[in-house]
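Residue numbers (this note's numbering), protein chains in the order written: chain U, 1 to 179; chain W, 180 to 1042. Idealized CB from N, CA, C, for every residue including glycine. Bear in mind that the values here come from a model prediction, so they are computed numbers and not experimental data. As structure tokens, the structure follows; a few thoughts come after it.
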Ligand code: FES
Ligand code: FES
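Here is the structure:
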């Protein structure tokens, strides 16, 4: 917390590594990480559905672990690494999860998508080939009202296979239904 | 451009649409199609997975203020006074407005203009807004709102439909037939009493479908900007920018030409963003007062208070059948709890009775529907709008009838399907009907024959079917203009821009436009750019509701694209000296089919045409065909095409705890033609998910005391399925093309929700032998029914009575096969049928029953 200091306007300042970039940000000290990301850093890719810790929509990775940014006080994040959806692609190259979410329609309205992508990314970093049940468990804190979750599972599985070096493609049944 | 009248069939490019003789679960699209029928990314998919999509709350304008609404803490009260002085004195507060500042009422339906942006004198549910503040920060605005003092004089609150029927005073609204009855419907197609008397078997059931809410992940938000030259811009999470545009014009008394409404991509809608909302008007007023941009984002509990969700509906149904199950007559009654305002409620009430005849043949049909006002959050349209409730009732009712007759429920249904290209007893024109294939697919897939009635105690399977509209035949307000318009701009570089007023809510409406234009013009989907949902830039499309978008914007886009192709073909044909009919548009080229090397790039074709004829652009539009029904009330139900669905649910019921688990659902949906199959899959799976939630857990419940406060205005307490409750789904996409759909396409966004809950209820019966005639099917209800079964009582949980309703005289319309022509016959003696609440052009003011001449030639116009 060494870098935190009071600013004249009653603002606090912290250092973060946001999507790989060292960042200093000043904000009203009561703000949540969600608010600081969206309002003070302009990273509106992180969404909110309740701001009460109930929906998972606001999930970001803090030092690699999924956290609900609506419940995290920004002040408590000083010195940490934050990863948001904006940081998932490498330049113009999408993360394999982003590719599969796009291809399988795992993002419908897309509002829950940043949260799901980041939880899935953290899962695959810890467990490169999760079973369907492990995926369900990992995603159980994130609500999606559009997809019924099925395309999300399939997108995670396909991305996992590709990240393992397989030349996997979406199943015909996933795209066209059962014969 | 015209194109306002029917005649959609001739707009289709030759040979693209034809009815397959054997429409069985076609695997691939017509070989001629390159884009349509192929699974692909949506045009906005990359923006959505990279966090670039800007939703309404993602907008931050320079000098922007934050707005907040003060909401009523009383369910029903008169406002005696509002003191804003303390709030006004708070530093950072820039404006405060109350009901006095926005005195003009509005409402989504012309017949229910019963809302105010801020209540001027009366509040009608907990959460009804009474004041709005704009301040420099959200915190300041919140603080200011808490400093506003409102003095209320509480009024008796109406907490239930039974109470609403029995308590005429105090009236929640001063319109409607009388007391707290908002709408009464009584329609009879043939002599149902006689049909019942002549039936071999008659059965009567009572069922209840609890209310539920949309719960879009995105909280509603709106940003308004007022410029000193008298122009207003509103960005909003709305499914219906055109209706918001109209309401702002009315309430703010500004010329429509100076109001611009931009629908941001919706973070989920499901019908929950298709009303005009108080905050959308209040935020505009605050922007006008302060001369600065203002944003209002609702908190999650406010989203619960706004609601407009599924109407809790009590239903009574009596059906007479022959020995083999043919429906001779059906008498159906519904009673809807409307909550505090009209919303879409008149249409919702009609929808609870409109589509009974579209799934199975019903020879004679009588529908009595009532919607009442109560002091709860207003109900409105939720996915399936008014039809999941009757579907629940009917599919369970039919299951019981099948059992009573000793028939297999699947066989019984298969025998009595509605015929393609027919007109129903209530004058709905049905086109393609893929339901038989749907039933065969799911019964084979699920192993119905091996499982039904044969699984061990505690496990069971249940079947249900449904149909749904692909867009309402009539617009919400009477007008003779198209329901959907598209403009195309062709660029010299070969790009094509599509402008359309439709609203992307996650269903893929932007993509549909790109796919269809790409298909017709032979350019890549990525060469087509889509601009939607902006009243300044795009021609009107009525909005993302009633499953209308693919069919209507698709047809409009098809027409615009074909006109563009015509222009290019004309010029290219002249240049290449080949007949126009020999030209093909594919792979970004225009060429002679008899010598493909003889051609040019699409860009060159545009340049050639532009040089010869000037700037190249076209328009297209779509108006649904006229409906044969000419009676009052015939406006709800007609659609250019109907989708069909069959579903089988497998359940495991734990008799000790009453817990119902659904491991798997098989569902087959007749979508006419997939435009993008993977997007269709997503709609089917999403519908199954939402139906599962309604079947097992979702419940818009209120504390049953005078305060009528919501039990669960949070995502934690309002239970919705997580990954742990969601079932496996086996989906079959059935393609029985409808001549009215673009490339034959019908709807998919809502229909597949309908059979899910009744299939589960029927499966619970198969598993443990108890009937749960009420959703949600909670463990408590299952246990109570099991207890009753043990005691030898009727093994059932559900409602026991239907209140006495003062039904008006029925409007009698003989069905087509009894010599009817779609018009009502004059009522015996009483000239005027129902009492003439609405004429063909619905009253704009909420005036009570204006005396009117019944006007059978102008059906009630409501979506
Ligand atoms: S917004 Fe953080 S959990 Fe819902
Ligand atoms: S895609 Fe809309 S909530 Fe998940």
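Opening and closing residue of the beta strand (DSSP E) in which residue i lies
i	result
residue 764 of chain W	762 to 765
residue 384 of chain W	380 to 388
residue 393 of chain W	Where residue 393 of chain W is concerned, there is no enclosing beta strand (DSSP E), given that its DSSP letter is neither H nor E.
residue 332 of chain W	328 to 333
residue 257 of chain W	256 to 262
Rounded straight-line distance, which links the Cα of residue j to that of residue i
i	j	result
residue 917 of chain W	residue 676 of chain W	28 Å
residue 900 of chain W	residue 773 of chain W	57 Å
residue 1010 of chain W	residue 810 of chain W	Confidence at residue 1010 of chain W is low in this model, with a pLDDT of 37, below 50, so its placement is unreliable and no value can be given for it.
residue 571 of chain W	residue 376 of chain W	25 Å
residue 796 of chain W	residue 101 of chain U	35 Å
residue 617 of chain W	residue 177 of chain U	13 Å
residue 321 of chain W	residue 636 of chain W	56 Å
residue 679 of chain W	residue 421 of chain W	12 Å
residue 497 of chain W	residue 511 of chain W	6 Å
residue 817 of chain W	residue 374 of chain W	25 Å
residue 225 of chain W	residue 107 of chain U	9 Å
residue 281 of chain W	residue 297 of chain W	7 Å
residue 1017 of chain W	residue 357 of chain W	Confidence at residue 1017 of chain W is low in this model, with a pLDDT of 36, below 50, so the placement of that residue should be treated as unreliable; the coordinate-derived value is given next. Using only the alpha carbons, I get a separation of about 15 Å.
residue 260 of chain W	residue 349 of chain W	20 Å
residue 268 of chain W	residue 548 of chain W	51 Å
residue 7 of chain U	residue 146 of chain U	The predicted position of residue 7 of chain U is uncertain, since its pLDDT is 45 and thus under 50; no value can be drawn from it.
residue 794 of chain W	residue 764 of chain W	20 Å
residue 1020 of chain W	residue 351 of chain W	Because residue 1020 of chain W sits at a pLDDT of 33, beneath the cut-off of 50, its placement in the model cannot be relied upon, and the point is left open.
residue 553 of chain W	residue 42 of chain U	43 Å
residue 715 of chain W	residue 380 of chain W	59 Å
residue 833 of chain W	residue 982 of chain W	34 Å
Endpoints, the alpha helix (DSSP H) within which residue i is located
i	result
residue 1069 of chain W	Because chain W here runs from 180 to 1042, residue 1069 of chain W falls outside it and cannot be looked at.
residue 944 of chain W	935 to 947
residue 570 of chain W	567 to 584
residue 624 of chain W	614 to 625
residue 561 of chain W	Neither: residue 561 of chain W is in no alpha helix (DSSP H) and is coded neither H nor E.
residue 658 of chain W	No alpha helix (DSSP H) holds residue 658 of chain W; DSSP gives it neither H nor E.
residue 588 of chain W	588 to 594
residue 13 of chain U	Careful: residue 13 of chain U lies outside any alpha helix (DSSP H), inside the beta strand (DSSP E) at 12 to 18.
Residue i Cβ short of 7 Å to ligand 1 heavy atom set
i	result
residue 733 of chain W	no
residue 48 of chain U	yes
residue 637 of chain W	no
residue 56 of chain U	yes
residue 230 of chain W	no
residue 51 of chain U	yes
residue 298 of chain W	no
residue 70 of chain U	yes
Residue i beta carbon near ligand 3 (any heavy atom closer than 7 Å)
i	result
residue 906 of chain W	Looking for ligand 3 in the displayed structure turns up nothing; the ligands present are ligand 1 and ligand 2.
Could you name the residues whose beta carbon sits closer than 7 Å to any heavy atom belonging to ligand 2, keeping them in chain order?
Qualifying residues, in the order they occur: U:107, U:108, U:109, U:110, U:111, U:112, U:113, U:144, U:145, U:146, U:147, W:396, W:446, W:447 and W:685.
Say whether the segment 445 to 454 of chain W touches the segment 556 to 569 of chain W, bearing in mind that this needs 3 or more beta-carbon pairs closer than 8 Å, one atom from each stretch.
With a cut-off of 8 Å, the segment 556 to 569 of chain W and the segment 445 to 454 of chain W count as touching, because enough Cβ pairs lie within range.
Meets three-Cβ-pair contact criterion under 8 Å: the segment 850 to 858 of chain W and the segment 897 to 916 of chain W:
The segment 850 to 858 of chain W makes contact with the segment 897 to 916 of chain W; the number of CB pairs closer than 8 Å reaches 3 or more.
Answer yes if the segment 300 to 310 of chain W comes into contact with the segment 249 to 258 of chain W, meaning at least three C-beta pairs across the two stretches below 8 Å, and no otherwise.
Contact holds: three or more Cβ-Cβ distances are below 8 Å.
Meets three-Cβ-pair contact criterion under 8 Å: the segment 689 to 696 of chain W and the segment 659 to 679 of chain W
With a cut-off of 8 Å on Cβ pairs, the segment 689 to 696 of chain W is in contact with the segment 659 to 679 of chain W, counting three or more such pairs.
Are three or more beta carbon pairs between the segment 732 to 749 of chain W and the segment 453 to 465 of chain W nearer than 8 Å?
Using a C-beta cut-off of 8 Å, the segment 732 to 749 of chain W makes no contact with the segment 453 to 465 of chain W, since fewer than three inter-stretch Cβ pairs fall below that distance.
Quick test of the definition: if touching needs 3 or more C-beta pairs under 8 Å, does the segment 54 to 70 of chain U touch the segment 29 to 41 of chain U?
Touching, yes.
Is the segment 865 to 872 of chain W in contact with the segment 462 to 479 of chain W, if contact means three or more CB pairs nearer than 8 Å?
Taking 8 Å as the limit for Cβ pairs, the verdict is that the segment 462 to 479 of chain W does not touch the segment 865 to 872 of chain W.
Check whether the segment 268 to 281 of chain W touches the segment 524 to 533 of chain W, counting contact only when three or more Cβ pairs, one atom from each stretch, lie closer than 8 Å.
Because the criterion of three Cβ pairs below 8 Å is not met, the segment 268 to 281 of chain W and the segment 524 to 533 of chain W do not touch.
Decide yes or no for the touch test of the segment 701 to 717 of chain W against the segment 643 to 653 of chain W: beta carbon pairs closer than 8 Å, at least 3 of them.
The answer is no - the segment 643 to 653 of chain W does not touch the segment 701 to 717 of chain W, with fewer than three Cβ pairs under 8 Å.
Is there contact here, the segment 54 to 62 of chain U with the segment 112 to 125 of chain U, by at least three beta-carbon pairs under 8 Å?
Touching, yes.
Answer yes if the segment 680 to 694 of chain W comes into contact with the segment 746 to 754 of chain W, meaning at least three C-beta pairs across the two stretches below 8 Å, and no otherwise.
These segments do not touch.
Segment contact, 8 Å Cβ cut-off, at least three pairs: the segment 388 to 399 of chain W with the segment 590 to 598 of chain W
In short, these stretches do not touch, since the Cβ pair count stays below three.
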